[in-house]
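Colleague: Protein chains in written order, with the UniProt record's numbering: chain A, 1 to 111; chain W, 1 to 434. We put the beta carbon where it would ideally sit given N, CA and C, even for glycine. Sharing a structure here in structure tokens format.
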Amino acid sequence: MSDTSESADDAGEAPDGGDDAAAAVDAEEVRHVAELARVRLDDDEVEAFADQFGDILDYFEALDEVPETDREEELVNVMRPDEVEDGLTQAEALSNAEETEDGFFVGPKVS
Amino acid sequence: MAADYNLFITEETIEGDADAEGPLAGATVAVKDNISTEGIRTTCGSEMLTDYVPPYSATVVDRLTEAGATVVGKTNMDEFGMGTTTETSAFGPTKNPVDPERVPGGSSGGSAAAVAAGEADIALGSDTGGSVRCPAAFCGVVGIKPTYGLVSRYGLVAYANSLEQIGPIAGTVEEAAAGLDAIAGPDPHDGTTRDLSEVEGADPDASYAAAADGDVDGLTVGVPTELFDGADERVVETVEAAIADLEAQGAETTEISLPSVEHAVQAYYVIAMAEASSNLARFDGVRYGNRADSDGNWNESFAETREEGFGAEVKRRILLGTYALSAGYHDKYYQKAQDARAWVRRDFEEAFADVDVIASPTMPVLPFELGESLDDPLRMYLADANTTPVNLANLPAVSVPAGEADGLPVGLQLVGPKFDEETVIRAASAVEDR
């Protein structure tokens with residue numbers, strides 16, 4: 001459940017102590033996070049997001065007041081026998097792909 | 001009429017079983033466009049999925065058509081469910097049939113507006129932080145957010161899995177409850193659904209429609225001060241009058257306190273954005289969805305595809321979610337949000353030791369004017385103050401019309417203990433009886 005994606009693990013600059021630092025976000029940070037999330041942004045979007053993220057993260061700061069709380073999750077594993085069932089046909093699975101070849105998805109070039 | 005309000009993204013029909021008997025036989029149902037329909041495009045209100053045609057239907061769609069209901073169309077919504085007004089849709093905003101200058105609420109705005117405009121008897125929405133209850137309140141109709149695990153999410157395009165449930169919207173409590181009767185129940189395709197015969201205290205033979213009998217004699221209603229503080233005075237007056245009417249019908253009211261809910265919006269948005277950033281990673285233009293014309297390598301191609309395909313609010317949430325989960329910030333935001341979630345859940349559990357249901361305004365505000373809140377995301381998030389605690393605590397809730405203020409609908413929210421849908425439905429039916 002708390003599986004952070006591999007790309008998020010290398011986010012870099014950790015907050016330095018954090019307590020007194022206001023949650024200001026600069027354009028560089030927005031660009032960095034956008035790169036991690038694989039979302040290209042134009043310069044106007046970067047500017048607008050930097051302002052908005054500052055406000056929103058300031059508001060999230062109030063979470064600091066939340067006491068550490070016991071988390072009694074009533075979670076159980078849900079298991080079933082590993083039996084072969086009908087699923088999508090290959091044609092159905094490929095039906096929404098932009099590009100296919102010989103029954104495979106075609107992705108963008110790797111490098 | 002339908003076109004004037006921009007209710008539907010796609011108007012196509014899936015015929016219900018003509019031999020079915022029961023309350024849904026011959027009924028019309030509108031389905032939010034993030035719920036998969038085999039052979040009918042399912043866009044999630046996004047440019048990314050304008051041409052996506054699911055090869056299978058969601059469990060809830062099959063259950064409705066098997067019960068005799070006919071699907072009449074796929075309704076407009078905030079992109080991927082991310083919004084409180086239905087204005088973030090790539091297909092343009094939906095107008096509120098009560099007042100076309102105003103938003104219908106969101107994110108299931110097309111669904112609530114379709115019911116309010118008489119285009120469908122019942123509509124399905126999805127509720128991650130209030131997305132069924134908010135538009136029900138703003139459009140003057142009834143919306144039910146079921147207990148987490150009561151209704152299958154198989155075929156619902158995921159936004160924040162740990163929070164969301166599909167729920168029915170209708171003109172009356174009884175009709176909405178009949179919709180819930182049809183869609184509720186365990187599904188082998190969704191491991192988070194529960195079999196009520198295995199849930200302590202739950203009634204596996206519950207008939208939700210039959211619970212809409214208006215009998216609140218002896219019912220204890222908790223009124224939490226925190227969910228009235230800061231709400232628009234006109235909303236508070238209308239809701240208090242509706243609660244007084246419940247008292248006149250034999251219910252007992254008692255003031256309660258839920259101190260944790262002051263942190264619900266913060267916790268909700270951190271968790272929802274974190275889950276969204278992970279869920280929406282799948283939209284890379286390879287297996288489905290629109291792909292940008294790119295000469296770049298796969299990282300560049302994905303980034304361009306996602307730049308083109310996602311609107312501003314979706315990008316905002318993906319980026320903030322990525323930020324909140326990233327090294328150095330994970331403990332500060334995500335862990336604290338999970339603490340807050342556990343605290344909210346405990347607060348409600350303690351409250352339900354003394355009361356049967358908890359009543360509050362559904363929305364602390366009257367419906368926004370179109371365009372009013374779009375440039376101020378934080379203001380839009382704060383409007384979810386009363387609905388998000390319910391998702392954090394996995395509880396059932398109903399929004400039922402409490403009356404009008406300045407000619408605009410006001411919703412009353414009733415929250416119950418886990419899997420006690422019957423009690424909130426019973427209380428809601430008494431509100432509409434008055």
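I'd like to know if residue 208 (chain W) contacts chain A, where contact means its C-beta is closer than 9 Å to some C-beta of that chain.
Modeller: no
Colleague: I think residue 305 (chain W) touches residue 316 (chain W), with their Cβ atoms under 8 Å apart; what is that distance to the nearest whole Å?
Modeller: The Cβ separation is near 18 Å, so there is no contact.
Colleague: So which residues of chain W does residue 90 (chain A) contact, with C-beta pairs closer than 8 Å?
Modeller: Neighbours of residue 90 (chain A) on chain W: none; closest Cβ ~11 Å, over 8 Å.
Colleague: Flag this pair as yes or no: are the beta carbons of residue 141 (chain W) and residue 169 (chain W) separated by less than 9 Å?
Modeller: A Cβ-Cβ contact shorter than 9 Å links residue 141 (chain W) with residue 169 (chain W).
Colleague: Does residue 67 (chain A) come within less than 9 Å of chain W when only Cβ atoms are used?
Modeller: yes
Colleague: When you compare the CB of residue 348 (chain W) with every CB in chain A, is at least one pair closer than 9 Å?
Modeller: no
Colleague: Residue 373 (chain W) to residue 44 (chain A), Cα distance in whole Å?
Modeller: 20 Å
Colleague: Using the rule of at least 16 other Cβ atoms within 10 Å of the residue's Cβ for burial, across every protein chain shown, is residue 174 (chain W) buried or exposed?
Modeller: A buried status is given to residue 174 (chain W), since no fewer than 16 other beta-carbon atoms sit within 10 Å of its beta-carbon.
Colleague: Is it buried or exposed, residue 74 (chain W), if we count other Cβ atoms within 10 angstroms and call 16 or more buried?
Modeller: buried
Colleague: Output needed for residue 254 (chain W): all residues of its chain with C-beta closer than 8 Å, excluding positions within five of it in sequence on either side, in chain order.
Modeller: Contacts found: 220, 221, 222, 223, 354 and 355.
Colleague: Residue 326 (chain W) CB to nearest chain A CB: under 9 Å?
Modeller: yes
Colleague: When you compare each of W:64, W:50, W:195 and W:68 to residue 89 (chain W) by their alpha carbons, which one comes out closest?
Modeller: W:50
Colleague: Between the C-alpha atoms of residue 54 (chain A) and residue 244 (chain W), what's the straight-line distance to the nearest angstrom?
Modeller: A straight line joining the alpha-carbon of residue 54 (chain A) with that of residue 244 (chain W) spans about 42 Å.
Colleague: Examine the Cβ distances between the region 91 to 107 of chain W and the region 311 to 328 of chain W and report whether three or more of them are shorter than 8 Å.
Modeller: no
Colleague: So for residue 112 (chain A), helix, strand or coil by DSSP?
Modeller: Examination of residue 112 (chain A) is not possible in this model, given that chain A is present from 1 through 111 alone.
Colleague: Quick check on this structure: which residue in W:32, W:231 and W:310 has the alpha carbon closest to the alpha carbon of residue 437 (chain W)?
Modeller: No answer is possible for residue 437 (chain W): the residues shown for chain W start at 1 and end at 434.
Colleague: Given this structure, state the Cα-to-Cα distance separating residue 386 (chain W) from residue 85 (chain A), to the nearest angstrom.
Modeller: The C-alpha of residue 386 (chain W) lies about 43 Å from the C-alpha of residue 85 (chain A).
Colleague: If you measure from the beta carbon of residue 106 (chain A) to each beta carbon in chain W, is any gap under 9 Å?
Modeller: With a threshold of 9 Å between beta carbons, residue 106 (chain A) makes contact with chain W.
Colleague: Can you give me the C-alpha to C-alpha distance between residue 16 (chain A) and residue 25 (chain A), rounded to a whole angstrom?
Modeller: The predicted position of residue 16 (chain A) is uncertain, since its pLDDT is 43 and thus under 50; no value can be drawn from it.
Colleague: Quick one: grab the DSSP three-state call for residue 97 (chain A).
Modeller: coil
Colleague: The region 193 to 204 of chain W: which residues have C-beta closer than 7 Å to a C-beta of chain A, in chain order?
Modeller: Those would be none; no residue qualifies.
Colleague: Mind listing which residues of the region 244 to 268 of chain W have their C-beta closer than 9 Å to chain A's C-betas, in chain order?
Modeller: Within the region 244 to 268 of chain W, the residues whose Cβ lies closer than 9 Å to any Cβ of chain A are, in chain order, 260, 262, 263, 265, 266 and 267.
Colleague: State yes or no: is the C-beta of residue 96 (chain A) within less than 9 Å of the C-beta of residue 289 (chain W)?
Modeller: yes
Colleague: Based on DSSP bridge pairs, tell me the residues matched to residue 413 (chain W).
Modeller: Among the bridge pairs identified by DSSP, residue 413 (chain W) is matched with W:360 and W:399.
Colleague: Strictly under 9 Å for the Cβ-Cβ distance: is residue 102 (chain A) near chain W by that measure?
Modeller: no
Colleague: Check each candidate in A:75, A:48, A:91 and A:110 and name the one with the smallest Cα separation from residue 191 (chain W).
Modeller: A:75
Colleague: Anything in the region 358 to 387 of chain W with a Cβ closer than 8 Å to a Cβ of chain A? List those residues in chain order, please.
Modeller: 377, 378 and 381
Colleague: Just list the residues that DSSP pairs residue 436 (chain W) with in beta bridges.
Modeller: Here chain W comprises residues numbered 1 to 434, so residue 436 (chain W) is not present and cannot be evaluated.
Colleague: Taking the alpha helix (DSSP H) that residue 255 (chain W) belongs to, which residues open and close that run?
Modeller: Taken as a continuous stretch (DSSP letters only), residue 255 (chain W) belongs to no alpha helix (DSSP H), being part of the beta strand (DSSP E) at 252 to 256.
Colleague: Does the CB of residue 39 (chain A) have a neighbour CB from chain W at under 9 Å?
Modeller: yes
Colleague: So residue 414 (chain W) and residue 424 (chain W) are supposed to be a Cβ contact under 8 Å. How far apart are they, rounded?
Modeller: The beta carbons of residue 414 (chain W) and residue 424 (chain W) sit about 5 Å from each other, so the pair counts as a contact at 8 Å.
Colleague: Given that a residue counts as buried once 16 or more other Cβ atoms are within 10 Å of its Cβ, and exposed if not, what is residue 78 (chain W)?
Modeller: buried
Colleague: Mind checking if residue 156 (chain A) is an interface residue toward chain W, Cβ cutoff 9 Å exclusive?
Modeller: This structure cannot settle anything about residue 156 (chain A), because the visible part of chain A is limited to 1 through 111.
Colleague: Suppose the cutoff is 6 Å on Cβ atoms and the five residues either side in sequence are ignored; what does the same chain contact list for residue 301 (chain W) look like?
Modeller: 294
Colleague: Applying a beta-carbon distance threshold of less than 7 Å, which residues of chain W neighbour residue 71 (chain A)?
Modeller: Residues of chain W passing the Cβ test: 338 and 342.
Colleague: Less than 8 Å between C-beta atoms, sequence neighbours within five positions excluded: which residues of the same chain meet that for residue 36 (chain W)?
Modeller: 42, 54, 56, 57, 58, 61, 155, 156 and 157
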